[in-house]
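Down below is the structure, laid out as structure tokens.
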Amino acid sequence: MEVQELELRSGPWTREEDRALMNYIAVNGEGKWNSLARRAGLRRTGKSCRLRWLNYLRPDVRRGNITPEEQLLILELHSRWGNRWSKIAQYFPGRTDNEIKNYWRTRVQRHAKQLECDAGSQQFRDVVRYLWMPRLLERIGGGGSRTSAAAEFGIATPAITETEAKPSPENSTAAASSSSVDSLSAQFSPQPPVSGGLMHPGGELWPESLPKAFDFPDLEQMVWPAGEDLWSADDIWLLQQQF
DNA sequence: AAGATGATCAACCGCTCAGGC
DNA sequence: TGCCTGAGCGGTTGATCATCT
């Protein structure tokens, strides 16, 4: 109806709208969002209703901070698939693609900006791969040396190719690796299949030496921050000198 | 205390794709 | 075959909150 379309609402949802949407879905189920919006008496587009339900009202939506385990998995999966947020979100039950996308744009891209490089650049990918991820592993493991964490991360982590990585239940039994990233993946579903080998999570062979950008003695001398934030001002400064 | 600035995240927009007719 | 509709995805915006000066 034309009058109804003119009155379509946008912007933040009210409690009443939320209640109407939840009640309707509880009785009738989801889907057919345009007609659902009309039948539920909501002056919203079907698209808006779908988004509100999926990203906020669904009972299994998980809120709160992204844990180090989740951060590690996000970094790992993004290195494989890039900005394919919905695909990445499949590995985080209760997390929405929107939430993961926001995390990446705010936290991860912020670090890239600090380092004055592009988040999609090889330089930044190296920082993520060789510095950030090992540090997260350290934190997840409750301490230990950086080198041992990196070694664990690098040696036992299998390669997963785009064609292999179809997150489906029948593939989950193959996830029998001792690597940290893999054991993390195993906590989530759907789980990616694996194939063995001494490969880096990105799929390529683990390099014999670190990239040139990080092959400098100061890095080994660096005192890693013990606080909540993985990156200190000194970290940023040191890395910037290498770029 | 108040304004400026930055970070976060809910919501919107434009586009693509699949399925039905 | 082409059109329409529903659904989903990724990029972007804007409101709100926190922190800084």
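Counting along the first sequence from 1, when you hit position 62 you're at 241 in my numbering, and nothing is skipped either side.
Note that the Cβ used here is the ideal one computed from N, Cα and C, for glycine as well.
As the structure is a prediction and not an experimental result, all values here were calculated from the model.
Taking C-alpha positions only, Glu-196 is separated from Arg-223 by approximately 9 Å. Using a Cβ-Cβ distance cut-off of 8 Å, the stretch 294-304 and the stretch 244-251 are not in contact, since fewer than three pairs of beta carbons, one from each stretch, lie closer than that value.
Within the same chain, and ignoring the five residues on either side of Tyr-282 in sequence, the residues whose Cβ sits closer than 6 Å to its Cβ are Ile-245. Assigned with DSSP and collapsed to three states, Tyr-270 falls in coil, not helix or strand.
When DSSP states are grouped into helix, strand and coil, Ala-291 belongs to the helix group.
DSSP places Trp-192 in the coil class of the three-state scheme, outside both helix and strand. Here the C-alpha atom of Leu-200 lies approximately 24 Å from the C-alpha atom of Ile-279.
Distance from the CA atom of Pro-272 to the CA atom of Arg-241, rounded to whole angstroms, is 8 Å. In the DSSP annotation of this structure, Tyr-235 is not part of any alpha helix (DSSP H), being labelled neither H nor E. For Ser-214, the enclosing alpha helix (DSSP H) begins and ends at 212-218. In terms of Cα proximity to Ser-265, the closest of Leu-256, Asp-276, Ser-214 and Leu-316 is Asp-276.
Between Ser-258 and Arg-304 a beta carbon distance of about 7 Å is seen, short of the 8 Å cut, so the two are scored as contacting.
The C-alpha of Arg-237 lies about 10 Å from the C-alpha of Leu-230.
Contact between Trp-192 and Glu-209 does not hold, since their C-beta atoms are separated by about 16 Å, which reaches or exceeds 8 Å. Contact between Trp-311 and Leu-254 holds, with the beta-carbon distance rounding to 6 Å and staying under 8 Å. Put simply, of Ser-189, Asn-262 and Arg-274 the residue whose alpha carbon is nearest the alpha carbon of Arg-284 is Asn-262.
Taking a contact as a CB-CB distance under 8 Å, the pair Ala-298 and Val-287 counts as one, their CB atoms being some 6 Å apart. Taking each of Ser-227, Gly-220 and Arg-194 in turn and checking the Cα distance to Tyr-203, the smallest one comes out for Gly-220.
Taking a C-beta distance under 8 Å as the contact criterion, Leu-251 and Tyr-270 do not qualify as a contact pair. Per DSSP, reduced to three states, the secondary structure at Cys-296 is coil, with no helix or strand assignment.
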